[in-house]
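Have a look at the structure below before the remarks.
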Amino acid sequence: MFKISELIQYMNENGMLVKEPETYDDAEINRFASLQHPSCDALCWSQKEMPVNDIPESAVLLCQPGQEHNPERKTVMLHVNDPRRIFGALAHHFVPETRHTGISAKAVIDPTAEIGENVYIGPYVIIEEGCKIGDGTRIEANAVIYRNVRIGKNCHIWSGAVIGADGHGYFLNEEKLWTRVRHMGGVVIGDNVEIKANSCVDRGVLDDTTIGDNTKIDNLVQVAHNVVIGKNCFVAAGAIIAGSCIIEDNCWLAPGSVIRNGVHVARHSQIGMNAVVYRSIKQTDTVYAGNPATAVKKYEG
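Mapped onto the working numbering, the consecutive letters of the sequence shown carry residue numbers 9 to 309.
Shown next, in the form of structure tokens:
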């Protein structure tokens, strides 16, 4: 794939290294690997400092600035401020993702839908009338995009996602029977949004359900009708965002978290695993945990 010298040159050009490595053999790096499966041709990383005896026998280890070296190992230590972030950036650069384009013959697309350039639409995708799909967006097999949904540029909709179905809105009629509310809103998704497998984003009743640019939604997430999610939010698996919630920019919702209908979550908040938010959150830059969710510490993310 690439030499250690190429790696170090790229990292220096992008200001990643805290200090220059000591002398090293210019070995070939052929794979990225976890600490559990290192090899002499692998690049590994550790977010935490480790005992020197635990340092893997790998070609390179991305490590914290204070990490000590084991002189018995040939591993080249590359000290950086945030190994996880640097690892992600290096993987993007040296192992670029293969992007397919084109529309499967097995997809079902209404003739009124507007499809942008350089898109990928997989087999058995359904796109209904009035939809708009932005340039560079990928929609994987078996996703369903209901009527009048707008998806921005360079988004990624994974298999089994359902976007634009009616929300769970009902009223009791004169006979005290539940009757479905007519949903006349849509769904508007910004640019660079990811919605993972089997997640649901419901259309609004009157106003659109909206998801801001660069927000990432994990598998099996429920986004109910009329919800507004801001930019650059991170929503982990199993989260439930009930109807008419507002989640401001740069929030993190951990796995299994629940946001009660109508609640407003202030920007740059983190909602902890399985936390339940019953009341609106006004304080920014804070971690909330528990049931009911309460503030526990400053959010540094």
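All C-beta atoms in this analysis are idealised placements derived from N, C-alpha and C, irrespective of residue type, glycine included.
Checklist entry - What's the gap between the Cα of S252 and the Cα of V271? => result 7 Å
Checklist entry - Is the distance from the Cβ of K114 to the Cβ of Y132 below 8 Å? => result yes
Item to check | Proximity winner among H108, G130, I153 and F95, relative to A121 (alpha-carbon distances) | outcome: I153
Next on the checklist: Let me check understanding here. Comparing Cα to Cα, which of V285, E21, S277 and N200 lies closest to E308?
Outcome noted: S277
Next on the checklist: Going by C-alpha to C-alpha distance, which of G144, E125 and A149 sits closest to I135?
Outcome noted: A149
Item to check | Cβ shell of E30 (< 6 Å), same chain only, five flanking positions each side left out | outcome: none
Item to check | Spatial distance of N200 from D293 (CA atoms) | outcome: Cα to Cα, the separation comes out at about 24 Å.
Checklist entry - Could you give the distance in angstroms between the alpha-carbon of V6 and the alpha-carbon of T223? => result As displayed, the chain neither begins before 9 nor continues past 309, which places residue 6 out of reach and without an answer.
Item to check | Pairwise C-alpha distance: L185 and G144 | outcome: 45 Å
Next on the checklist: In the DSSP output, which residue or residues are listed as bridge partners for M85?
Outcome noted: When beta bridges are read from the DSSP output, M85 appears opposite L69.
Item to check | Identified DSSP bridge partners for C52 | outcome: L69
Item to check | Run of the beta strand (DSSP E) containing S277, from where it starts to where it stops | outcome: S277 to I279
Item to check | Residues bridged to R188 (per DSSP) | outcome: Y178
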